[in-house]
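Number of protein chains: 2
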Amino acid sequence: MRDKAPLSSERPVLIVSDHTGLTAENAARALLAHFPAQSPRYLQRPFIGTVGAAREVVGEIAALVASGPRPVVFTTVTDPAVLSELQTAPALLFDLLGSGLAALEQEFGEQAARSVGRHHDMHDQTSYLARMDALDFALATDDGLGSRQYGLADVILLGVSRAGKTPTSLFLALQHGVRASNYPLAEDDFEQEAFPLPLVGHQAKAYGLTIDPRRLHMIRTQRKAGSRYASLEQCEYEVSRAERLFRRLGLPVRDTTSASVEEIAAGILSQIRRV
Amino acid sequence: MRDKAPLSSERPVLIVSDHTGLTAENAARALLAHFPAQSPRYLQRPFIGTVGAAREVVGEIAALVASGPRPVVFTTVTDPAVLSELQTAPALLFDLLGSGLAALEQEFGEQAARSVGRHHDMHDQTSYLARMDALDFALATDDGLGSRQYGLADVILLGVSRAGKTPTSLFLALQHGVRASNYPLAEDDFEQEAFPLPLVGHQAKAYGLTIDPRRLHMIRTQRKAGSRYASLEQCEYEVSRAERLFRRLGLPVRDTTSASVEEIAAGILSQIRRV
Numbered sequence: 001m002r003d004k005a006p007l008s009s010e011r012p013v014l015i016v017s018d019h020t021g022l023t024a025e026n027a028a029r030a031l032l033a034h035f036p037a038q039s040p041r042y043l044q045r046p047f048i049g050t051v052g053a054a055r056e057v058v059g060e061i062a063a064l065v066a067s068g069p070r071p072v073v074f075t076t077v078t079d080p081a082v083l084s085e086l087q088t089a090p091a092l093l094f095d096l097l098g099s100g101l102a103a104l105e106q107e108f109g110e111q112a113a114r115s116v117g118r119h120h121d122m123h124d125q126t127s128y129l130a131r132m133d134a135l136d137f138a139l140a141t142d143d144g145l146g147s148r149q150y151g152l153a154d155v156i157l158l159g160v161s162r163a164g165k166t167p168t169s170l171f172l173a174l175q176h177g178v179r180a181s182n183y184p185l186a187e188d189d190f191e192q193e194a195f196p197l198p199l200v201g202h203q204a205k206a207y208g209l210t211i212d213p214r215r216l217h218m219i220r221t222q223r224k225a226g227s228r229y230a231s232l233e234q235c236e237y238e239v240s241r242a243e244r245l246f247r248r249l250g251l252p253v254r255d256t257t258s259a260s261v262e263e264i265a266a267g268i269l270s271q272i273r274r275v
Numbered sequence: 276m277r278d279k280a281p282l283s284s285e286r287p288v289l290i291v292s293d294h295t296g297l298t299a300e301n302a303a304r305a306l307l308a309h310f311p312a313q314s315p316r317y318l319q320r321p322f323i324g325t326v327g328a329a330r331e332v333v334g335e336i337a338a339l340v341a342s343g344p345r346p347v348v349f350t351t352v353t354d355p356a357v358l359s360e361l362q363t364a365p366a367l368l369f370d371l372l373g374s375g376l377a378a379l380e381q382e383f384g385e386q387a388a389r390s391v392g393r394h395h396d397m398h399d400q401t402s403y404l405a406r407m408d409a410l411d412f413a414l415a416t417d418d419g420l421g422s423r424q425y426g427l428a429d430v431i432l433l434g435v436s437r438a439g440k441t442p443t444s445l446f447l448a449l450q451h452g453v454r455a456s457n458y459p460l461a462e463d464d465f466e467q468e469a470f471p472l473p474l475v476g477h478q479a480k481a482y483g484l485t486i487d488p489r490r491l492h493m494i495r496t497q498r499k500a501g502s503r504y505a506s507l508e509q510c511e512y513e514v515s516r517a518e519r520l521f522r523r524l525g526l527p528v529r530d531t532t533s534a535s536v537e538e539i540a541a542g543i544l545s546q547i548r549r550v
């Protein structure tokens, strides 16, 4: 967790923001993913909202230059004075928002408000509250709220225990403000030919999550080593029955072995938004 | 959740990515936050990885142009053929990664791998597993794992019930891979002059969370309307005792009324990373 002194082969990559720095960090990581041979060392410097704070960062950069490759700075700072100060650093600086703001000013025919803190890394206040509500919903239904929850949900995730329902529903809530309910598949469901009873009427919101049985076995073993629940045989049985059920019901299915929660969430969102 | 037909005053803002689109959406929202008079309507188009998929998006944009202001496109696509296709759209296009890649190629003296899917919106695979582990940890300790958890945590959040500990710890896990434990403050703790016993030895990782008592009263009322737990008096009492305890212990304190979980997480991270 702590910053170690960078190795001389590591490239210092500073994330400088007047807010949390998530936007700048995402952009930096997206760019650097195209250079797998590089060893970036990320240094987060959030809440840099004044010329004084920027000057401290410039001082840090000057110290880094002495001991390794030229630092790279990614910044979303838009206050002209703070940005000017950062531009004095002996580094390759990416002003991520500057040229975009100028282009939008021209397109919209109005001046951008370049004040500190304007930049909301995520969404606005209304959608922030929606995200916190969706998180409460996901946590409450994860404990089991009864079947009433399925009427209130935007999305219902079906899957066997530890197939990835909870991380996906928490991510849908925290990042996107989408209310996701989980429906854990059990023995009873596998026997049915039809949609699980509590979900009837909500088919359109249902998504199946599946997972490689060997990975499931690994995950369950961390929880309950040696149990029947964690055995490879049981995992193979449950996954194959779950996948058969998904096919029978015609559900869209996502595999959490090969996709991240971000990817699964984005896929689900693009589907519910296009219908 | 669904795309409605945009009002004629709304500006269509398309988020086009060969992956989840989170990076492009964050950048778009950060830029548009500087133009509060505009009414953007976000249309997410993730997983656009082929020329054919891009052509469909171009077709959509052409249809939008007929009925309102010129669409704005934010894209993180880097595959030259896919990007070229997008550039034919009748829209203002922001190629968010293109110029950055060229500058980094020059700085590093190597070619960027501009292949589809290179672009990881979040982190790499190792840190993805760390994030999922941290999420498991946060969920497990939220249920109460006993005092052993505090030794394993990167961060310990202290606060009264519903002060924001759980959303903050889940965000620290999902976004940053940081293991956060919660310590709910109760009557017993308020009486003490010293650090709560289970936390002794872990002071350096401890952060206090506080909240406006009126907001706490509102949140608790949604849970248990009319209870003593939810009463304004009880909320005022608990918050004032908690804040007194934080002062006595010299803990860094964050207010969840005025700051988002992103902001609180970024503040905590910059503190633990700089020590």
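If you're matching them up, the sequences are chains A and B in order. Under the working numbering, read the first sequence as residues 1 to 275, first letter to last. Under the working numbering, read the second sequence as residues 276 to 550, first letter to last. C-beta atoms are modelled at their ideal positions from N, C-alpha and C, and glycine is treated no differently. This structure is a prediction, so every number in the text was calculated from the model and none was measured.
**Study point:** Boundaries (first-last residue) of the alpha helix (DSSP H) holding residue 349 (chain B)
**Key:** Careful: residue 349 (chain B) lies outside any alpha helix (DSSP H), inside the beta strand (DSSP E) at 347-350.
Check your understanding: If you compare alpha carbons, which of A:9, A:131, A:255, A:196 is closest to residue 68 (chain A)?
Key -> A:9
Check your understanding: If you measure from the beta carbon of residue 535 (chain B) to each beta carbon in chain A, is any gap under 8 Å?
Key -> Answer yes: the Cβ-Cβ gap between residue 535 (chain B) and chain A drops below 8 Å somewhere.
Point to revise | Cβ pair residue 22 (chain A), residue 537 (chain B) closer than 8 Å | key: Cβ atoms of residue 22 (chain A) and residue 537 (chain B): closer than 8 Å.
Check your understanding: Which full runs of the alpha helix (DSSP H) of 4+ residues lie inside the stretch 43-86 of chain A, going along the chain?
Key -> 51-65
Review point. Using a C-beta cutoff of 8 Å, does residue 457 (chain B) count as contacting chain A?
Key: no
Exercise for review: State whether the stretch 363-376 of chain B contacts the stretch 333-341 of chain B, with contact taken as three or more CB pairs (one from each stretch) at a distance under 8 Å.
Suggested key: yes
Check your understanding: Using a C-beta cutoff of 8 Å, does residue 545 (chain B) count as contacting chain A?
Key -> yes
Exercise for review: Grab me the residues of residue 447 (chain B)'s own chain with a C-beta within less than 6 Å of its C-beta, minus the 5 sequence neighbours each way, in chain order.
Suggested key: 453, 455, 540
Check your understanding: Span of the beta strand (DSSP E) holding residue 30 (chain A)?
Key -> Not the beta strand (DSSP E): residue 30 (chain A) falls in the alpha helix (DSSP H), residues 22-32.
Practice item. Keeping to the same chain, check which residues put their C-beta closer than 7 Å to that of residue 286 (chain B); ignore five residues upstream and five downstream. Key: 313, 314, 315, 316, 344, 347
Check your understanding: Do you know whose CA, among B:354, B:503, B:358, B:545, lies nearest residue 451 (chain B)'s CA?
Key -> The alpha carbon of residue 451 (chain B) has as its nearest neighbour, out of B:354, B:503, B:358, B:545, the alpha carbon of B:545.
Check your understanding: Going by Cα to Cα distance, which pick from A:193, A:147, A:95, A:51 is closest to residue 201 (chain A)?
Key -> A:147
Review point. Going by beta carbon distance, what residues of the same chain come within less than 7 Å of residue 524 (chain B), once the five residues before and after it are set aside?
Key: 470
Practice item. For residue 356 (chain B), decide whether its Cβ has a neighbour in chain A, counting only Cβ atoms nearer than 8 Å. Key: no
Review point. Which chain B residues sit within Cβ distance under 8 Å of residue 167 (chain A)?
Key: Residues of chain B whose Cβ lies closer than 8 Å to the Cβ of residue 167 (chain A) are, in chain order, 407, 410, 449.
Point to revise | Neighbour flag for residue 527 (chain B) against chain A, beta carbons, 8 Å | key: no
**Study point:** Cβ-based contacts, 9 Å cut-off: residues of the stretch 310-321 of chain B near chain A
**Key:** Listed in sequence order: 310, 311, 312, 313, 318, 319, 320, 321.
**Study point:** Candidates A:51, A:209, A:157: closest to residue 256 (chain A) by CA position
**Key:** The closest CA to that of residue 256 (chain A), considering only A:51, A:209, A:157, is found on A:209.
Practice item. Inspect the beta-carbon positions of residue 351 (chain B) and residue 371 (chain B) and report whether they are closer than 8 Å. Key: yes
**Study point:** Pick from A:218, A:49, A:158, A:217 that is closest to residue 247 (chain A), judged by C-alpha positions
**Key:** A:158
Review point. Residue 193 (chain A): which of A:215, A:243, A:231 sits nearest, CA to CA?
Key: A:243
Review point. Beta strand (DSSP E) containing residue 426 (chain B): first to last residue?
Key: For residue 426 (chain B), no beta strand (DSSP E) encloses it; the enclosing alpha helix (DSSP H) starts and ends at 423-427.
Review point. How should residue 300 (chain B) be labelled, buried or exposed, when 16 other C-beta atoms within 10 angstroms of its C-beta is the threshold for buried?
Key: buried
Check your understanding: Just curious, the beta strand (DSSP E) that residue 253 (chain A) is in, first and last residue?
Key -> Start and end: 253-255.
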